[in-house]
Every structure is written in structure tokens, then in C-alpha cells.
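From first to last, the protein sequence lines stand for chains X and Z.
By the numbering used here, the letter at position 168 of the first sequence is numbered 168, and the numbering carries on one by one without gaps.
Just so we're on the same page, the numbering used here is the position in the second sequence counted from 1, plus 1000.
First up is the structure itself, then whatever we jot down about it.
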Amino acid sequence: MVLFSKFRPLLQTVLKPTQQLQTIVKRWSSERRMRMMISEFHERKFFDLFHYYFLIGLVPTFCIVFYANVFVGQAKLAEVPEDYEPRHWEYYKHPLRRFMARYVIQPFDERYEISLHAIYTQVMRDQLKALERKVRRLEQARGDHKGWYYRPIPDHLAELEQKKAAERSDGFSAMVAPRELPPPRTWPVPPKTD
Amino acid sequence: MPEPSSQEHIYGLNKWSDLGYSTIDMLYLRPVRWFHRNIVERLRGPSYPYFHRKFGPVKTIDECEIQDQICFYEAEMAYLREKRVDTMIVEILHDRLTRCVAYEGRIDALDKCAKEKDALFESHANWYQKYGEMGVPHSCIDAYMKQKHLMIWMRRHPEVDLKGWATERDYERRTKDYIKSIPMPMEIR
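Written out as C-alpha cells, the structure is:
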């Protein structure tokens, strides 16, 4: 946007308006002819505002960067002395980067530790949820503990059904009274599960 | 062969490069050097140090317990750091070979840059063996499995020349023989 204001007079000197064209030209020649032109007010105002708002940011930035590079200077690499733990901003070279690391952004090591903590809490949460799911599953299956599926009323039919299921798993399809199980089988020998 | 340094101008090569360098010298280099010597070095504050970050030793993937997500994360970070360092190493060796070839010339480089070339090829092959051909993205567990499968494959195929040094030497010999077979006067070759 440096020399934009020179474009229009340049074009007007290059492209001479002919008689057929209905061009509008400013009153700047020495001929006895009144030439009219579109106002340049809006152009000038736009460029003024653009430069104003652009430089409001650029001038302080340039001054700060100039000062940091010329008068403060970049750091020099050195070995870590014994018994000294460098602060987290002393790992950077440029003075502005050091400033940002010191006052603006989160330290590198802190970020790492936060990630580890997040993983740890997530793992714990997952384990607790799995435990809850297991407990609910077992209670629903057995129905024998005070919890989500607790019924204080003795459910004779359910107990009868459990006995029947035990009988069926042993291989008996139906049993009439007495409802005690016969002695357990000795053959085939079940595999050992330690 | 010279180590990397700031660009130095060779006076006397031809007058156009001399004129160009003289222009840049007068308009830019001399003012900047004057400014630096007379203003910056007088007004600059005290110099202060900066250090390189040291990362402590952590468990690698093969030492982690099962389902230990924290150990996995630390091993992954260590793996990524190692990968970046190895990539920089390969890049530096590549840079050295390029400078050697530019200094010696394409034909002399075959003889004089053999060490740089061998170093680059070996480091590149090792980098590919360790980090390559796993797809993007990949984890440290993928790299560990790749190492395992590679060792199994090498045990099953011991006769295969993975790095290809024999092929490389043969190619160099053939190139040199061809260049020597071209009849040329001694001053040009």
C-alpha cells in the first residue's frame, strides 16, 4: 500500500481519454476546458485510516523488537553449572521468547506433568467404572445382596428356579420331591482349576 | 573440505560478481557492520546464558508393565525425542555430503567424498530401519513390533544383504571404469 496514490494520475497520463469515451477528468490542464473528476476524498480517507491503524500496531512492535535485538541481545550457550537447576525460561535464546516463556505461556515441563496427571486420573476413573459395572452385573445375576436389585420379600419361586437350574446343569431334566440333590458324580473327573 | 560458514565472496572470479558484491557490500554490509561495532556493542547490556534441556532417563516400551498408560506416554515422548534427534543427525550428514560435492566437483567427489557418502547412506538406512515404513501416525509400540518382526525376518533369511553395500561398491566401480574409459586430455580430467 505504499504508492497506491500514484496509480490514478499515472493511468490518466498514459491512457489519454478520447472524444468518444465519457471519461471524467480533473481540472488540471492549462487548456480552456473544465474537466470534472470523481472526488479523491474517499481514497485519501481510506489510506489515512489504513496507515493510522496499521502503524498503531507496527510502531510499538518495531520499537520493542529493535530494543530486544539491538540493546538486550540474544543469550549465549553455556554448560549447566553444578548444583544449579535452570529456570524454565533460561532454556530459550531470544529475549522475547524468554519473556513469553516466563510470563505468558505454560512451561514445557509443567505441560508434561499435567498430561501425566490427566492420564493417571483417566485410568483411575476407568477402573472404578469397570468395578461398578462388574458389581451391577453380578448383583443382577445372583440377586442375593442388598443393592440395586434387593427385594426383602422371600421369593420362593426364584429360589425354586435356582435349584432347578442347579439340577439342570448337573444333567437332571426334572425332579419330583424330595428336592435334595443326589450325591455328586465321580465320573467323568472334572479338570483341576487352581 | 571447509565446515559450514557464512558466505564468503571470491574476488577475481568475474567482474559482474565483483560489481554485485561491491554493491551489496557498500549498501548493506558496511552500514550494518558499522552499526553493530559502534552502536550495538557499546550499548548492549551484559550477556546472559541459556542452557540445553536435559531429559532424565525413563523406562522404554519393553520395560513397561501391561496397561501402564503413564509409562506408555513417557516412553512415547522419549521415542519422539530420539526420532527428532536422529532426523537432525541424518540431515547434517546429508548437508556435509552436499558441501563436499560442491567443493570437490562431481567427478572428484566420487573419490574424496566416500566417507561422507558412506556415513549418510548408513545413517539413512538405520533411520529407515528404525522409524520408516510404519505409516503416519504410528506409536512407539508399532516401532517395537517392527524391530521384533525385523529380527525374526533376519533370523529366517540370514543370507540377504539388507544394506546393500556390495551393490553400492559395484556401482561405484562401474562408474569409475566408464569415466576412465572416456578418452580425454589429462588437464581436463
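Built from N, CA and C at the ideal position, the CB exists for glycine as well.
* To do: Confirm, please, whether the CB-CB distance from E1041 (chain Z) to V1058 (chain Z) is below 9 Å.
  => no
* To do: Just grab the DSSP bridge partners of Y1178 (chain Z) for me.
  => According to DSSP, which records beta bridges pairwise, Y1178 (chain Z) is partnered with nothing at all.
* Asked: CA-CA distance, F1051 (chain Z) and F99 (chain X)?
  -> If I take the Cα positions, the gap works out to 16 Å.
* **Cβ-Cβ separation, G73 (chain X) to G1045 (chain Z) (assumed contact under 8 Å), whole Å** => 7 Å
* For the region 60 to 81 of chain X, enumerate the residues whose C-beta is nearer than 7 Å to any C-beta of chain Z, in chain order. => V70, F71, V72, G73, A75, K76, L77, A78 and V80
* Asked: So which of Z:R1173, Z:Q1067, Z:T1060 and Z:I1188 has the shortest CA-CA distance to A1143 (chain Z)?
  -> Checking every option, the nearest Cα to that of A1143 (chain Z) belongs to Z:T1060.
* Determine which residues share a DSSP beta bridge with P1049 (chain Z) and list them. => BP columns for P1049 (chain Z) point to X:K76.
* Asked: So, helix, strand or coil for D194 (chain X), using DSSP?
  -> coil
* Asked: So R1084 (chain Z) packs on F1055 (chain Z), CB below 8 Å; how close in whole Å?
  -> 12 Å between Cβ atoms; not a contact.
* Asked: Rounded to whole angstroms, how far is the Cβ of Y53 (chain X) from the Cβ of I1070 (chain Z), which I believe are closer than 8 Å?
  -> Not a contact, Cβ separation roughly 50 Å.
* To do: For M1088 (chain Z), decide whether its Cβ has a neighbour in chain X, counting only Cβ atoms nearer than 9 Å.
  => M1088 (chain Z) does not count as touching chain X.
* Looking at the structure shown, is C976 (chain Z) part of a helix, part of a strand, or coil, going by DSSP? -> Given that chain Z is displayed from residue 1001 to residue 1189, the structure contains no residue 976 (chain Z) and the question cannot be resolved.
* Asked: Do C1113 (chain Z) and L1093 (chain Z) have their C-beta atoms closer together than 9 Å?
  -> no
* First and last residue of the uninterrupted alpha helix (DSSP H) at Q195 (chain X) -> Residue 195 (chain X) lies beyond the residue range present for chain X, which begins at 1 and ends at 194; the question has no answer from this structure.
* **Cβ shell of M1134 (chain Z) (< 8 Å), same chain only, five flanking positions each side left out** => Annotation for M1134 (chain Z): D1142, A1143 and K1146 place their beta carbon closer than 8 Å to its own, counting only its chain and skipping 5 residues before and after.
* So with Cβ pairs under 9 Å, would you call F99 (chain X) a contact of chain Z? -> no
* Residues in its own chain within less than 7 Å of K93 (chain X) by CB, not counting five upstream and five downstream? -> Q74 and A75
* Measure the alpha-carbon distance for N1014 (chain Z) versus S1022 (chain Z) and round it to whole angstroms. => Rounded to the nearest angstrom, the two C-alpha atoms are 12 Å apart.
* To do: Taking V1040 (chain Z) as the query, report the chain X residues whose CB atoms sit under 7 Å from its CB, ordered along the chain.
  => V70
* Helix, strand or coil for Q19 (chain X) per DSSP? -> Note that Q19 (chain X) scores 48 on pLDDT, short of 50, meaning its location in the model is unreliable; the coordinates nonetheless yield the value given after this. Looking at Q19 (chain X) - three-state DSSP - the assignment turns out to be coil, as it is neither helix nor strand.
* Identify the continuous alpha helix (DSSP H) that holds I1092 (chain Z) and give its terminal residues. => Q1069 to E1104
* Asked: Are the Cβ atoms of V65 (chain X) and L96 (chain X) separated by less than 9 Å?
  -> With contacts defined by Cβ atoms closer than 9 Å, V65 (chain X) and L96 (chain X) form a contacting pair.
* Decide if Y1011 (chain Z) is buried, meaning its Cβ has at least 16 other Cβ atoms within 10 Å, or exposed. => exposed
* Contacts of K129 (chain X) in chain Z (Cβ-Cβ under 9 Å) -> Near K129 (chain X) there are no residues of chain Z at all, since even the closest Cβ is about 15 Å away, more than 9 Å.
* Asked: Is the beta carbon of A68 (chain X) less than 9 Å from the beta carbon of P1049 (chain Z)?
  -> no
* Asked: Got a sec? Which residues, its chain only, sit under 7 Å from V1032 (chain Z) by beta carbon, not counting five neighbours each side?
  -> Excluding positions up to five away in sequence, the list is empty.
* Asked: What is the DSSP secondary structure of P1183 (chain Z), reduced to helix, strand or coil?
  -> coil
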